[in-house]
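Right, one structure below, let's go through it.
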Amino acid sequence: MFLGTHFPKVDEKGRFFLPAKFRDELGDGLVIARGQERCLAIYSVDEFQRQAQAAMSGPSTLRGIRDFQRMFASGASDQVPDKQGRVTIPTVLRDYAGLHKEIAVIGAFNRVEVWDLAAWEAYQSAQDEAFAQMDEEIFPGAEPRA
53 MFLGTHFPKV DEKGRFFLPA KFRDELGDGL VIARGQERCL AIYSVDEFQR QAQAAMSGPS
113 TLRGIRDFQR MFASGASDQV PDKQGRVTIP TVLRDYAGLH KEIAVIGAFN RVEVWDLAAW
173 EAYQSAQDEA FAQMDEEIFP GAEPRA
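One gets the numbering used here by counting positions in the sequence shown from 1 and adding 52 to each.
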């Protein structure tokens with residue numbers, strides 16, 4: 053499970069240091085794909101295969117499913133971190149997410165997300181109030197948080 057927020061920098065070659073706490077699960081290989089909200093999603097190879105199976109389970113006769121499959125698969129890139137734990141983000145994915153130097157790398161349970169730092173801060177700020185109300189909407193019948 054991926055948790056926490058980290059603030060590495062992207063170097064001139066498009067690489068960043070994968071946070072040490074994520075390297076055990078991702079050190080042998082990972083897949084970077086487009087995420088929603090203009091971030092990138094990094095999956096373990098096994099988790100990416102699960103996500104791909106779910107995406108392929110819908111009928112390709114439906115336009116929305118075809119669109120999702122195309123966007124998800126066409127930008128996906130399999131990577132292996134180097135010996136120092138650096139991961140190279142392909143240019144097309146850096147451009148998609150607007151990544152330059154300052155980034156936020158966040159744990160999101162089954163994936164790691166990579167955000168432009170300013171975009172992450174804006175998203176987080178916009179979601180702060182909504183987050184307080186999400187329990188009832190997403191988990192009906194859940195006990196309210198303190």
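Built from N, CA and C at the ideal position, the CB exists for glycine as well.
Let's see if you can read the secondary structure: which residues bound the beta strand (DSSP E) around residue i?
i: E97; result: The question names Glu, yet the displayed sequence has Val at residue 97. Here V97 belongs to no beta strand (DSSP E); instead the alpha helix (DSSP H) covers V97 to M108.
i: Q131; result: S129 to Q131
i: E165; result: V164 to D168
i: G72; result: Here residue 72 turns out to be Ala, not Gly, going by the sequence shown. Element bounds for A72: not the beta strand (DSSP E) but the alpha helix (DSSP H), A72 to L78.
i: T1; result: Summary: the structure shown does not reach residue 1, with the chain confined to residues 53 through 198, and so no result is reported for it.
i: R67; result: R67 to F69
i: G137; result: Taken as a continuous stretch (DSSP letters only), G137 belongs to no beta strand (DSSP E), as it is neither H nor E.
i: A160; result: Careful: A160 lies outside any beta strand (DSSP E) and carries neither H nor E.
Using alpha carbons as the reference points, say which of the options lies closest to residue i.
i: R138; options: G66, F100 and G56; result: G66
i: L82; options: Q179, E89, K73 and F100; result: F100
i: L145; options: A184, A93 and R122; result: A93
i: V132; options: E77, D63, V62 and K61; result: E77
i: G150; options: E173, D168, I141 and Q185; result: D168
i: Q88; options: Q185, D180 and A171; result: A171
i: E173; options: E154, M186, I190 and D98; result: E154
i: A104; options: H152, A184, E64 and R122; result: R122
i: R90; options: D180, Q185, Y175 and Q179; result: Y175
i: D63; options: H152, Q185 and I190; result: H152
What separation, rounded to the nearest whole angstrom, lies between the Cα atoms of residue i and residue j?
i: K110; j: S177; result: For clarity, residue 110 is Gly in the given sequence; the question names Lys instead. C-alpha separation (whole angstroms): 34 Å.
i: A156; j: F124; result: 21 Å
i: A182; j: G79; result: 35 Å
i: S126; j: A107; result: 13 Å
i: S112; j: I141; result: 29 Å
i: P192; j: D98; result: 30 Å
Cutting at 6 Å between CB atoms, please list the residues of its own chain near residue i, excluding the five before and the five after it.
i: I158; result: T57 and E165
i: A128; result: V83 and A85
i: D130; result: V83
i: Y95; result: V83 and R163
i: Y148; result: R86
i: F69; result: P60, G137 and R138
Within a Cβ cutoff of 8 Å, which residues of the same chain sit near residue i, ignoring the five residues on either side of it in sequence?
i: M53; result: G159, F161 and N162
Give a yes or no on whether the minimum CB-CB distance between residue i and chain D is below 8 Å.
i: K135; result: Looking at the structure shown, chain D is missing, and only one protein chain is on hand.
At what residues does the alpha helix (DSSP H) containing residue i begin and finish?
i: A85; result: Looking at the DSSP string, A85 is not in any alpha helix (DSSP H); the run it does join, the beta strand (DSSP E), is L82 to R86.
i: F124; result: R115 to S126
In chain order, what residues of the same chain have a beta carbon less than 7 Å from the beta carbon of residue i, not counting five sequence neighbours either side?
i: T143; result: G66
Exercise for the section: Check whether the region 113-129 touches the region 70-81, counting contact only when three or more Cβ pairs, one atom from each stretch, lie closer than 8 Å. Expected result: no
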